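> Take a look at this one; I'll ask things after.
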Amino acid sequence: VVVGSTIVDMYSKCGDLKLAREAFDKMPDHDIVSWGAMISGYVEHGDYHSALELFAKLLHENVRPNKVVFACVLKACASIGSIGQARWIHNYIMRSDTELDKMVGSTLVDMYARCGFLNEASKVFALMSERDVVSWNAIIGGYIQHGNGSNALMLYFNMQRGHLKPDRVTFLGVLKACGILGASWQGKVIHDHILRHGSDPDVSVGSALVDMYAKCGNLQEAHTVFNKLPDQNVVSWGALISGYAQLGYHNMVGQCLENMTQQGLSPNAIIYINILASCSHAGHVKDSRKYFKSMVISHSVTLSPEHFNCMIDVLGRAGCLYEAVKFLRSMPMQAD
RNA sequence: CGGAAGUUAAUUGUGC
């Protein structure tokens, strides 16, 4: 059974769920770990329905799920917004005398938040028997997903008072909260916390800092932080470019694109959305045509409705209605 | 303590 579970886990970590399921079905006996390995494999690869189906089968065979299995299926429910099944599972957990430990509790918090029930998320958070940094991150993240930056920041400062050490995920969250609020003062405080935290510099946290400063309107600081990043990737460039685009610095957007390309990084779909949006704000019809063309010939970007929206917008404003309609008709997807 | 587990950075446009 142990070997079987290991094989199931190995196949699913390699991304071959079919082989994993075959191995699972061939096992003479299943213990709870093998069920867990298979269910978590489905969840990890986004096959939430299969995960829930297998969970139903587990219940049908009168196997007692454990905390790991609960966490996996709750995550599946959260991902497809299946609040009904999630509530049923929550209920089952309560009936089965499973304690709301940090793992099951955090998953419930995250699930309720994703399904839009923040009251219940914070209720579960308050009831949990233990809370670790992931639990705090889950509730903070929940408020952020719903645009409530101030509650997220309040929770962060409560967490500090509880002497619980934040981690990089916490920082990613609260920096986003500052960006939402335009709270540059709190942002600087958190920047300071990050520097004192004593962890290795991290590109993700660095990009979140760039984004935070940009969203607070402080492009100078954003660029300074950007220059100090250990390495610059497409996302960190994206944060910077989006900042320049939103604040109307059209030529800086072009400049960034050039520098980025010189670094050997090719712009992705999101970068192009920002660039085209910048053309649209600046009313640069020619630039927008130029960039759209280079995007198409690069063949490395999947065109999305956003790209077309930007083009149609900039052309429409410039009075090039005929060309705008041409773009509208040439959309490879359904126009809304 | 030979096997499974929770939170994770950049995202367009119209009108009030």
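Add 12 to the 1-based position in the first sequence for the working numbering, that's all there is to it. Glycine included, each C-beta is placed from N, C-alpha and C at the ideal position. From a predicted model like this one, the values you see are computed outputs, not experimental measurements.
#1: Since Ile151 and Val116 should fall inside the 8 Å C-beta cutoff, what is the C-beta to C-beta distance between them, to a whole number of angstroms?
#2: Identify, in the order they occur along the chain, each residue of the same chain with its Cβ nearer than 7 Å to the Cβ of Thr273, setting aside the five sequence neighbours on each side.
#3: Counting Cβ pairs closer than 8 Å, one from the segment 235 to 253 and one from the segment 208 to 220, do we hit at least three?
#4: By Cβ distance, which residues of its chain are closer than 8 Å to Asn160, with the 5 residues on each side in sequence left out?
#5: Let me check understanding here. Comparing Cα to Cα, which of Cys127, Phe238, Met50, Leu207 lies closest to Gly16?
#6: What's the gap between the Cα of Tyr335 and the Cα of Leu29?
#7: Using CA coordinates, which residue listed in Asp113, Tyr124, Ala133, Val146 is at the minimum distance from Met140?
#8: Give me the Cα-Cα distance between Ile95 and Cys127, rounded to the nearest whole angstrom.
#9: So, using beta-carbon positions, are Ser292 and Val326 closer together than 8 Å?
#10: So Leu165 packs on Val145, CB below 8 Å; how close in whole Å?
#11: Tell me the rounded alpha-carbon separation between Glu230 and Glu111.
#12: Please go through the same chain and pick out, in chain order, the residues whose beta-carbon is closer than 7 Å to the beta-carbon of Met224, but skip the five residues on each side of it.
#13: Helix, strand or coil for Pro344? Go by DSSP, reduced to three states.
#14: Between Ser162 and the rest of its own chain, which residues show a CB-CB distance below 7 Å, the 5 nearest in sequence each way excluded?
#15: Go ahead and label Val308 buried or exposed: buried means 16 or more other beta carbons lie within 10 angstroms of its beta carbon, across all protein chains shown.
#16: Rounded to whole angstroms, what is the Cα-Cα separation between Arg329 and Cys322?
In short, the structure shows the following:
#1: Actually they are not in contact, since the Cβ atoms of Ile151 and Val116 sit about 14 Å apart, beyond 8 Å.
#2: Scanning its chain for C-beta atoms nearer than 7 Å, with the 5 sequence neighbours on each side dropped, one finds no residue around Thr273.
#3: Because the criterion of three Cβ pairs below 8 Å is met, the segment 235 to 253 and the segment 208 to 220 touch.
#4: Excluding positions up to five away in sequence, the list reads Leu130.
#5: The residue with the shortest Cα to Cα distance from Gly16 is Met50.
#6: Inspection of the sequence shows that residue 335 is occupied by Glu rather than by Tyr. Going from the Cα of Glu335 to the Cα of Leu29 covers about 47 Å.
#7: Here the closest residue by C-alpha is Asp113.
#8: When the Cα atoms are used, Ile95 and Cys127 turn out to be separated by approximately 6 Å.
#9: Their beta carbons are under 8 Å apart, which means Ser292 touches Val326 by this criterion.
#10: No, Leu165 and Val145 are not in contact; Cβ-Cβ is about 16 Å, not under 8 Å.
#11: According to the sequence as given, residue 230 is Asn; it is not Glu. Cα to Cα, Asn230 sits roughly 46 Å from Glu111.
#12: Leu187, Cys190, Gly191, Gly199.
#13: If DSSP states are grouped into helix, strand and coil, Pro344 belongs with coil.
#14: Same-chain partners within the cutoff: Leu193.
#15: Val308 comes out exposed.
#16: Computed Cα separation, rounded: 11 Å.
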